[in-house]
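Residue numbers (the working numbering): 5 to 128.
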């Protein structure tokens, strides 16, 4: 491994450590732990995931109805409206915004977006 490669990897680790110390990351971790440690909320998450999976299977079989879709959407809204879940989702969005800003700062001098969904050179 070259010295330059080692330096870049060290800088990457330092960046990761710095991100882990941001208020956005700390709020995300705290909200995530609150969701993970709430047994009732975990049961609701599992129930929602089961309902969503059943709908997806019904859709693949051509058996999905508008009524079932609305049931899944209502269950998702109910789940997302729970205080701990809403706090988690907000913290996740805030952290994502911070990470996008970091990605832009890294990518701008390179004229490359490594974190984006699509590259520029080789698409059909």
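Virtual Cβ for every residue (Gly too), placed ideally from N, Cα, C. Note that the structure is predicted; figures quoted are calculated from it, not measured.
If we ignore side chains and look at the alpha-carbon of each, how far apart do residue 128 and residue 115 end up?
With a pLDDT of 49 at residue 128, under the threshold of 50, the predicted position of this residue should be treated as unreliable, though the coordinate-derived value follows. Their Cα atoms are separated by approximately 20 Å.
Exercise. Can you name, in chain order, every residue of its own chain whose Cβ lies under 7 Å from the Cβ of residue 26, other than the five neighbours on each side?
Worked result: 102
_Within 9 Å, strictly: CB atoms of residue 35 and residue 52_ = no
- Task: Kindly list the residues whose CB is nearer than 7 Å to the CB of residue 76, restricted to its own chain and excluding five residues on each side of it in sequence; keep chain order.
- Result: 55, 56, 59
- Identify, in the order they occur along the chain, each residue of the same chain with its Cβ nearer than 8 Å to the Cβ of residue 44, setting aside the five sequence neighbours on each side. none
Item to complete: Would you mind giving the Cβ-Cβ distance between residue 49 and residue 83, rounded to the nearest angstrom? I have them listed as a contact below 8 Å.
Response: 7 Å
(request) Keeping to the same chain, check which residues put their C-beta closer than 8 Å to that of residue 38; ignore five residues upstream and five downstream. (result) 88, 91, 92
### Message
Buried or exposed for residue 99, going by 16 or more other Cβ atoms inside 10 Å?
### Response
buried
Exercise. Specify the secondary structure class of residue 107 as computed by DSSP and reduced to three states.
Key: helix
key: When 112, 106, 111 are compared against residue 19, the one with the closest alpha-carbon   = 106
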